[in-house]
Structures are given as C-alpha cells and as structure tokens.
Amino acid sequence: MDFVVPMAYTTSTREFVGQIKKAVETPPGGRALAGVGVYRMMDNPAYYIEKIESARELETPGVVLFSYDSIKDRTDYWEALASGPFNQWVAVPRMTRWVTAR
128 MDFVVPMAYT
138 TSTREFVGQI
148 KKAVETPPGG
158 RALAGVGVYR
168 MMDNPAYYIE
178 KIESARELET
188 PGVVLFSYDS
198 IKDRTDYWEA
208 LASGPFNQWV
218 AVPRMTRWVT
228 AR
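So the mapping is simple: this note's numbering equals the position in the sequence shown, first residue as 1, plus 127.
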C-alpha cells in the first residue's frame, strides 16, 4: 500500500484532527493523506481551509479534496484555495519517503 486517505468528512475541526491524527500515528506512520469533505462546507471557505491547515499542522504529506463534482464550477472555491492554503507551489513528496522495503 502506498498511502491511505481517511475520509474525515466531518464539519467539526476537532473531530477531523482526531481522525487524521489517529491515521497518521497508526503504523505504517506517515502514509496518510487527509481526506477533506469540502462538499459539506461549500457555503464557507473558512471551514475547509481550517481543515487543510490542521492537516498540515499534523504533518500529513498532503490532502485530498472530495468531491470534484461539487466544486468543479465554483470559482469562489478555487479562488479561496489559490489565495489561501495553496498560494505557493510546492513539490510533491517523494514516494520513497512513504514506501518501505517489502
């Protein structure tokens, strides 16, 4: 398994942090990306941005936003992400960091 994506689709940041923290700490640690259910928080960008920032504080190697169909035509959504948590380009983490010898 290369990585897992816990579907932490709650609107509660406290609950989200608990779910993602548990996944990150469960062996094999460091191979959990945070699943953010943005489809549940479309009315307020601050909600999903807070989840993304929380995932970064937990040092997850990335986030997965669900679902594309709910956000593909929302320019306000993309603008909030581009001016907020994704305002700088970063390199994708190398898989060798995640995958251990088999």
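Beta carbons: idealized from backbone N, C-alpha and C, even for Gly.
Suppose you measure from the CA of residue i to the CA of residue j; what does that come to, to the nearest Å?
i, j, result
"A209", "V219", "17 Å"
"Y175", "D129", "25 Å"
"Y195", "T153", "28 Å"
"N171", "L160", "23 Å"
"S139", "K149", "16 Å"
"G189", "R183", "7 Å"
"E177", "A207", "12 Å"
"V132", "I198", "19 Å"
Applying the 10 Å Cβ sphere with the 16-neighbour rule, what's the burial state of residue i?
i, result
"R141", "exposed"
"A173", "exposed"
"Q215", "exposed"
"M168", "buried"
"R229", "Caution applies to R229, whose pLDDT of 49 falls short of 50 and renders its modelled position unreliable; the model cannot decide the point."
"V217", "exposed"
Would you call the CB atoms of residue i and residue j closer than 8 Å?
i, j, result
"G164", "F193", "yes"
"S181", "V151", "no"
"T252", "I147", "A query on residue 252 cannot be resolved here, the shown segment of the chain reaching from 128 to 229 and no further."
"Y204", "G162", "no"
TODO: Only counting runs of 3 or more residues, tell me where the beta strand (DSSP E) segments fall wholly within the stretch 195-223, in order along the chain.
DONE: none
Task: Whole alpha helix (DSSP H) elements within the stretch 139-195, 4-residue minimum - done: 140-152, 172-184
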